[in-house]
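Below is one structure; the comments refer to it alone.
Residue numbers (my numbering), protein chains in the order written: chain A, 3 to 258; chain B, 21 to 638.
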């Protein structure tokens, strides 16, 4: 078990990523530009970092907020949604995302504000936390399970194992649910409309009939992709085809 | 003060321009030399002496510590490489700082169709005068082909270093005042402060000038900016290309090279002394333009540093705020919607030590706003030969209510060293009009009923790369770790179960065997068969200790059990052992001397209790 713990710790440590040299200084410079109102320069600085693989919640939040200040709703929604995916409890990201969504030109009829249960669970916990909780409870449960047959001669230890297994089992089940919700949330491929105005079409072709005129900030789940077009399922359940070039995918490392 | 005099016989001339750089130029120059040499030879005596020794010093009067140069030149006519005898001058009165071999030159001339050649070589000594007095460089001698060339002794006047100013050290005196009524040296370094006394933290200007009577090359590599203990220093300028100015001292024309200016800020009170600074002069002289080198030392200089007065000092005064300062504040926006921050810049400008200047704690004095941590910056410059500059503090201010937002006037207490009093610089108040955000949104402020709208929250400061593992579950390491955990746990569980099952099987066998023995003992009791009871006991012993005990007599069994007891691995208590042996003896005796029914019953009862004792695990 001790060796197993060491293995786990090593595995977690290996999955951590170290800050590249000079990143902290560049982040500070970008922040200084932002607070001085030089939003374009700050956005360029953040994008440069993003393109070099420096991607985390705070950076996405700042980038989305700067785009929001500049009125680029599509990119603001994209980066704020990415920030929120990284840290679903970020109140700032949620607040600014709501502002960005509120300023969109499009109003979706029949869009439901009620979130599915898994989405609510996913909004309470980060992916890393769910992963660690799942690993921890599984470790505890399996440890007690492995120990249980060896406690035949010791009644007190056997009771402890049995009770611990029950508790660990319940915790493990809950953490498994939370992790499943996070996996579900993370695996959903969402795309945001970046261009100011785009024709939503009924089929993946420039010649297809226009369904409606969509504006920046509209987003939906990616359902299908074909011939340079992406079929989005909007919040109200409506499906429409959009040019791939006009969309940004939430969580994608490439900075649009 | 430093001084190097030039002897009359070795007056140097200003340097000629160096323009003969191309090969054609060099060839022309050589031709010119040959032609002019020929012309000179034609009018010169028919032949040069075989050997000629020349000794020259580039100073006749120096101060203790100064370094001067002595050139020893040997000229040979003919094809000889070395003179037959060469005695160098005695230099024991001086310290030889450096000794070099002068470049060797060879010259061939043709006079009236007759070719003759000469060779010149020599030595260069850098000598330091270590004690005051009339010091002598001894005569030198060279001999060649019966001709002897001898030089005269050279007397160098070595003087003690002059001491003037506070504590006997020079500090502020202008050279004109220092040398009034005295002989001015041909070269000297003038290091001078702009004041004799200063307060702690007050700016004092150090100027280093080199005075020469001729054009020289200055080697400033040894001239490091002074870093004396107890001072904060800022070099104002160290020019790489120095253009001299002209000045007349006691009727003599001097070229003045300003080599350095340093702003110095004393940090501690008391009399402070700055050590001498070294400057190396290089000049050319003679028809062959030999380079001559002299090292000049400045005099040590002193400064009396006074403490800041206690009278008039306020609690908010910071000891680094000495000088002349003004304070101003400005906002990046005159009008902005509620929720949007603006940049407030507070700048202190003036003369003094920017490094030590402490700006007022602005962020603590702003109310009704969210204030972000400030950043500071400095801009330094030189005005009228003194260190000036601005130190600024910028911070992001986000008003929390609509209306006229006022940034208060800030106070910067400082000490004016010219007046010797404490003063206060104040910034102007700054007003910013904060408009309510779009109506209908956001909560209403309770106190002034302003409508507070919703604007985006500002960017986060002090971002740092988190050690967040992100989607940890998606990593291979995580999955491998989980699989390993489950695998090991299940393995432990299965192995444990198997071990438990084996133990249960063993226990069941033992129970069955006990049951059989009880049944055998019961039948033996009914049939009054002591042998059967004895077999049951041996059977129990055999289960406990192995089949080897089955064939043992009671005597052998007693010895065997005793031996095991001694080794401590018996598991049968001594009383049980004794009881067993007694029972076996009694049973054996009963076979040959039948007992009464009551006695036999007692034996079977004993056998029953013995069986229980033997089956008990320790």
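Yeah, the Cβ is synthetic: ideal placement off N, Cα and C, and Gly gets one too.
- Sequence-distant Cβ neighbours of residue 87(A) in its own chain, meaning closer than 8 Å and more than five residues away, are 187, 188, 252, 253.
- Scanning chain A for C-beta atoms nearer than 8 Å to the C-beta of residue 513(B) yields 147, 148, 150, 151, reported in chain order.
- Per DSSP, residue 294(B) is one residue of the beta strand (DSSP E) stretching across 290-294.
- The alpha-carbon separation between residue 411(B) and residue 377(B) amounts to approximately 8 Å.
- Taking the beta carbon of residue 70(A) as reference, the chain B residues within 8 Å of it are 476, listed in sequence order.
- Fewer than three pairs of CB atoms, one per stretch, sit closer than 8 Å, so the stretch 163-170 of chain A makes no contact with the stretch 219-235 of chain A.
- Listed in chain order, the positions of the stretch 44-76 of chain A with a beta carbon within less than 8 Å of a beta carbon of chain B are 44, 56, 58, 59, 60, 61, 63, 64, 67, 68, 70, 71.
- Taking all protein chains shown into account, residue 135(B) has fewer than 16 neighbouring C-beta atoms within 10 Å of its C-beta and is therefore exposed.
- For residue 412(B), no chain A residue has a Cβ inside 8 Å of its Cβ, as the nearest lies near 13 Å away.
- Think of a sphere of 8 Å around the beta carbon of residue 392(B): the chain A residues whose beta carbon falls inside it are 37, in chain order.
- Apart from sequence neighbours up to five positions away, the residues of its chain that approach residue 190(A) with a beta-carbon distance below 8 Å are 223, ordered along the chain.
- DSSP, reduced to helix, strand and coil, places residue 235(B) outside both helices and strands of the structure shown, so it counts as coil.
- A straight-line Cα-Cα distance of about 11 Å links residue 394(B) and residue 481(B).
- In the structure shown, residue 68(A) falls within a helical segment according to DSSP collapsed to helix, strand and coil.
- Under the 10 Å beta carbon count, residue 212(B) is surrounded by 16 or more other beta carbons and is classified as buried.
- Linking residue 153(A) to residue 582(B) through their CA atoms gives a straight-line distance of about 36 Å.
- Per DSSP, the continuous beta strand (DSSP E) segment holding residue 176(B) begins and ends at 174-179.
- Inter-residue distance for residue 216(B) and residue 145(B) is about 39 Å (C-alpha atoms, whole angstroms).
- Residue burial is scored here from C-beta neighbours: residue 529(B) has fewer than 16 other C-beta atoms within 10 angstroms and is therefore classed as exposed.
- Interface residue (Cβ-Cβ distance to chain A less than 8 Å): residue 453(B) is not classified as such.
- For residue 366(B), the closest alpha carbon among the candidates 402(B), 415(B), 327(B) is that of 415(B).
- In terms of Cα proximity to residue 564(B), the closest of 584(B), 545(B), 549(B) is 584(B).
- Annotation: Cβ neighbours of residue 154(A) in chain B (cutoff 9 Å, chain order): 516, 519, 520, 523, 524.
- Beta-bridge pairing by DSSP links residue 274(B) to 267(B).
- No residue range can be given for residue 386(B), since it is assigned to no beta strand (DSSP E) and is classified by DSSP as neither H nor E.
- Under the Cβ distance rule, residue 177(A) does not count among the residues neighbouring chain B, no pair being separated by less than 8 Å.
- Residue-level contact check: residue 491(B) touches chain A, since one or more beta carbons of chain A fall below 8 Å from its beta carbon.
- Judged by DSSP in its simplified three-state form, residue 77(B) adopts strand.
- When the five nearest sequence neighbours on each side are left out, the beta carbons in the same chain lying within less than 8 Å of the beta carbon of residue 220(B) are those of 286, 287, 288, 289, 325, 326, 327, 328, 339, 342, in order along the chain.
- Contact between residue 544(B) and residue 560(B) fails: their C-beta atoms lie close to 13 Å from each other, not under 8 Å.
- By the Cβ neighbour-count rule, residue 597(B) is buried, with 16 or more other Cβ atoms within 10 Å of its own.
- Less than 8 Å divides the Cβ of residue 122(B) from the Cβ of residue 142(B).
- Using a CB distance cut-off of 8 Å, residue 42(A) does not count as an interface residue toward chain B.
- In the structure shown, residue 563(B) falls within a helical segment according to DSSP collapsed to helix, strand and coil.
- Going by C-alpha positions, residue 195(B) is about 12 Å away from residue 207(B).
- For residue 137(A), the residues of chain B that pass the 9 Å Cβ criterion are 492, 493, 498, 501, 502, 505, in the order they occur in the chain.
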